[in-house]
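Right, one structure below, let's go through it.
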Amino acid sequence: MFFHPIKHIIVNHPYQYIYYNELYGSKKAFGKYEMDYYYHSTKEASEWLIDNIINKHNGEKLIIGCNGVIDYFFRHHKEVVTPKYIRYYDRGNDDWDYLIVCNSYLNPFQLQKNIWPPKNTVHTIKVNNQPVCAIVKREDKNDYLGFKAMMAGKQVDAINYLEKAVKFDKNNEVALLNLAWNYNEIRSYEKALKNIRQCLNIYPNYEKALDLAGRVYLQKNEIATATSIFEKAIKINYKFSSAYYYLAYIQFYKLKNNELALRYVKDAIGLGYKNNQARTLLNNIQGAMKKQNTNKLPNRQKQSIRF
3 MFFHPIKHII
13 VNHPYQYIYY
23 NELYGSKKAF
33 GKYEMDYYYH
43 STKEASEWLI
53 DNIINKHNGE
63 KLIIGCNGVI
73 DYFFRHHKEV
83 VTPKYIRYYD
93 RGNDDWDYLI
103 VCNSYLNPFQ
113 LQKNIWPPKN
123 TVHTIKVNNQ
133 PVCAIVKRED
143 KNDYLGFKAM
153 MAGKQVDAIN
163 YLEKAVKFDK
173 NNEVALLNLA
183 WNYNEIRSYE
193 KALKNIRQCL
203 NIYPNYEKAL
213 DLAGRVYLQK
223 NEIATATSIF
233 EKAIKINYKF
243 SSAYYYLAYI
253 QFYKLKNNEL
263 ALRYVKDAIG
273 LGYKNNQART
283 LLNNIQGAMK
293 KQNTNKLPNR
303 QKQSIRF
């Protein structure tokens, strides 16, 4: 009864906390439960980089990204290393040379379908033969160059960079999403949707991809499709504020349902939607509802209101 957990503790130290029991744990837990939720593997990964890369490096400072905190592990190598916190699903939007990725907050589908660890993984740390951390070497920066061009409003340049990034790594969901965004900006809607579908193929139910798909269909004036997509995004993540905003927009401007629009826009603002357009939309909805209520009053009451 105690053999398996004791064996696990001995064999997998210091990752012995990654244990769920023999019935639901071991390899069966991969993709269903958080694995390295304490980020202990960052220490071993940092030491591997120091021994195999940093101690042999003579060029410019290396940017080491991680979805955890690694500054302490490189405290004696500040002249060679710049540590940086990078979310895994934002990795294409940042500059880095090596990326330490702990198996935490990763999409289960990508784990179960071996999409993660990603391309150019040079070392993995495993528990029970399952990867809990990956070290990725960056061989191509077209995704980052594309992001910079996108932020500068240079859609054509961004598309050129991002097409190269997707060709280099077809499973780069960051590049696919940014590529779709730029195609949408130049009103190439079918190409935008093609890249969104490809992104959803490797990251099903990705809220950001669904959100962009909803915007594309909204711009195409396919209101029913856009509405269903935004509603799906909320079902996946009820805190996804952008979807509430666009549902409010649709209800107010397209479907003329002021009451439902008001509810959605209040939800968006309450969830922290960081866009002044939400406040403007709220004011417009409230103004329309006030006018609507005024028009319902008898003429005598309307006259008294004017005074």
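Position in the sequence shown (from 1) plus 2 gives the number in the working numbering.
In this text, a Cβ means the ideal position worked out from N, Cα and C, and glycines have one as well.
Status (buried if at least 16 other CB within 10 Å, exposed otherwise) for residue i
i    : result
Q288 : exposed
G61  : exposed
S318 : In the structure displayed, the chain extends from 3 to 309; residue 318 sits before or after that span and is not available.
L25  : Residue confidence is low: L25 scores 49 on pLDDT, short of 50, so the model does not pin down where it sits. Its coordinate-derived value is still stated next. Classification for L25: exposed.
N295 : exposed
G216 : buried
Q279 : exposed
Y266 : buried
Helix, strand or coil at residue i [DSSP, three-state]
i    : result
L284 : helix
K293 : helix
L108 : coil
P133 : strand
L212 : helix
G148 : helix
Y87  : strand
L51  : helix
I252 : helix
Distance cut-off 6 Å: residue i Cβ against heavy atoms of the ligand GTP
i    : result
N184 : Ligands displayed in this structure: none; no statement on the ligand GTP is therefore possible.
Proximity below 7 Å, CB of residue i to CB of residue j
i    : j    : result
Y275 : S243 : yes
N184 : I161 : yes
I127 : S43  : yes
K45  : F76  : no
For residue i, the nearest candidate out of the options (CA to CA)
i    : options                : result
R93  : K292, A154, G67, L284  : G67
Y107 : E141, V82, G70         : G70
K150 : A177, R189, P133       : A177
P338 : N109, F76, N278, I52   : The displayed coordinates of the chain run from 3 to 309. Any statement about residue 338 would go beyond what the structure contains.
D145 : K293, W98, F111, Q112  : W98
D269 : N259, K258, R281       : R281
K237 : E224, L212, D159, Q221 : L212
L262 : D159, N278, L283, N277 : L283
Q200 : N173, N285, A226       : N173
L257 : L181, K121, E224       : E224
C135 : S48, N95, L214         : S48
Expected contact under 8 Å - CB spacing of residue i and residue j to nearest Å
i    : j    : result
T84  : K63  : 5 Å
F232 : A245 : 4 Å
C104 : Y191 : 37 Å between Cβ atoms; not a contact.
N260 : A290 : 6 Å
V168 : L195 : That pair is no contact at about 15 Å.
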